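Here the structure comes first, spelled out in structure tokens, and everything after it is commentary.
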Amino acid sequence: MGGLRYAVVGGLLAILAGCGNGEVLEAFGGPTMGSTYSIKYVRTPGAPVAGVVQPQVESILAEVDRQMSTYRSDSDIERFNGLPADRCQPMPESILHLVRTGEQLSQASGGAFDLTVEPLLNLWGFGPQARQIKIPDPMALAQARQQVGHQHLRVDAGQLCKDAAVQVDFNSIAAGYTVDRIAERLGQLGIERYLVEVTGELKAAGRKSDGTPWRVALEEPRDDQQVAQRIIAVDGFGVSTSGDYRNYFQQDGHRYSHTLDARTGAPITHHLASVTVLEPSALMADGLSTLLLVLGPEEGWDYAEKQRIAAFFVMREGDAFVTRSNKAFEQLTAVKP
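Sequential numbering of the sequence shown, starting at 138, is according to the working numbering.
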């Protein structure tokens, strides 16, 4: 299971209109996590201007990077990853929260979703310490799989502990968590109508001044260009798309995605190209979109239906795409008067 790798997995393009009625649409953004972020909000009388909000947003982004990035050796999680087996390290509550969330998703998926796949990502050429993109040697793969498994982690009195030399990778849920943190901060600042996007994960709430909802374009999972496949209205939900495109390699006629199934130690091989999930929590939308992508078009669909997860599936069929959305997704994205 490969997550965002601090980059956009599912392209989510915001379609926005200006504000009227004397209200102001504020907008700002910039680089983060190897990609970008953008914030748009309706500023009503008494709410802060963008120049006040942006430093607070970027403080959250810097904190997440400092704690969770696998691309800097001094981050909290990379220091933990460097520890041998049977060691513990004090951790901020944010990291412990994500570990607990990862455990929940791992158990729910029968081990398909797993936060400890970094050795496998590196071996297949997709991780932060990857040397080359290739099909790994079977013996090396078997050895790496011995260092993977959420069961090797435990939280103990503010510490994160490991009983094997596992390495944690939050890229499948860190961006969604960050979106939730920023949305919470906007609420504390009196901002109730906003669209927050971090490396493609987003959350929208309220309506624009003209009474219309925030609209988001879901990107068709193409390798060659960005094409909006469907435009949806979003109010009060996080939106996450996980896909097998843009980060993959081909060898001997086979396509190898950066999304790994922890149960097999190998990239997914089914024809599900992308999954979009809507959840009140952007963190859970982020994790569930990856979980469903790993499970595939049949097992993932059945799981989404059973758990009442609002989901939009895109399957490859030759050179074309076939889409499928469930009732929960259609209900949440319908434009309401």
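Beta carbons are placed, not taken as given, at the ideal position from N, Cα and C, and that holds for glycine. Every value quoted in this text rests on a predicted model; they were computed, and no experiment measured them.
Please give me, in chain order, every unbroken run of the beta strand (DSSP E) with length at least 3 that falls completely inside the segment 345-405.
351-356, 365-371, 374-380, 385-388, 391-394
Where the beta strand (DSSP E) through Q226 begins and ends
224-227
Per DSSP, which one or two residues make a beta bridge with A164?
K177
Rank R367, A447, R209, L242 by C-alpha distance to the C-alpha of L415 and give the top, closest one.
A447
Buried or exposed: which applies to M421, given that a residue is buried once 16 or more other Cβ atoms fall within 10 Å of its Cβ?
buried
Nearest residue (CA-CA) to L430, options A320, A312, D398, A457:
D398
Would you please state the rounded distance, in angstroms, between the beta carbons of R352 and I368? I believe it to be under 8 Å.
5 Å
Expressed to the nearest angstrom, what Euclidean distance is found between the alpha-carbon atoms of V317 and G262?
One point to set straight first is that residue 317 is Asp, not Val, in the sequence displayed. Between D317 and G262, the C-alpha separation is close to 30 Å.
Note down the Cα distance separating G295 from G286, rounded to an integer number of angstroms.
21 Å
Note down the Cα distance separating A370 from T470, rounded to an integer number of angstroms.
5 Å
Please list, in chain order, all residues of the same chain as E442 whose beta carbon is under 8 Å from its beta carbon, the five residues on each side excluded.
N463
Integer-rounded CB distance, given that A410 should sit under 8 Å from M452
6 Å
Mind checking V459: buried by the 16 CB within 10 Å criterion, or exposed?
exposed
By Cβ distance below 8 Å, which residues in the same chain neighbour Q388 in space, the five residues on each side in sequence not counted?
K271, I272
Cut-off 8 Å between Cβ atoms - residues of its own chain near G248, not counting five sequence neighbours on either side
G286, H287, A399, R400
For the segment 335-354 against the segment 170-179, are there 3 or more C-beta pairs whose distance is under 8 Å?
yes
Where in the segment 218-289 do unbroken runs of the beta strand (DSSP E), each at least 3 residues long, occur, reported from the N-terminal end onward?
224-227
When DSSP labels each residue in this structure, what does T207 get in the three-state scheme?
coil
First and last residue of the uninterrupted beta strand (DSSP E) at Q296
296-299
Answer yes or no: do Q226 and C298 have a C-beta to C-beta separation smaller than 9 Å?
yes
In DSSP terms, what Y331 is bridged to:
Y178, A342
By DSSP, does A311 sit in helix, in strand, or in coil?
helix
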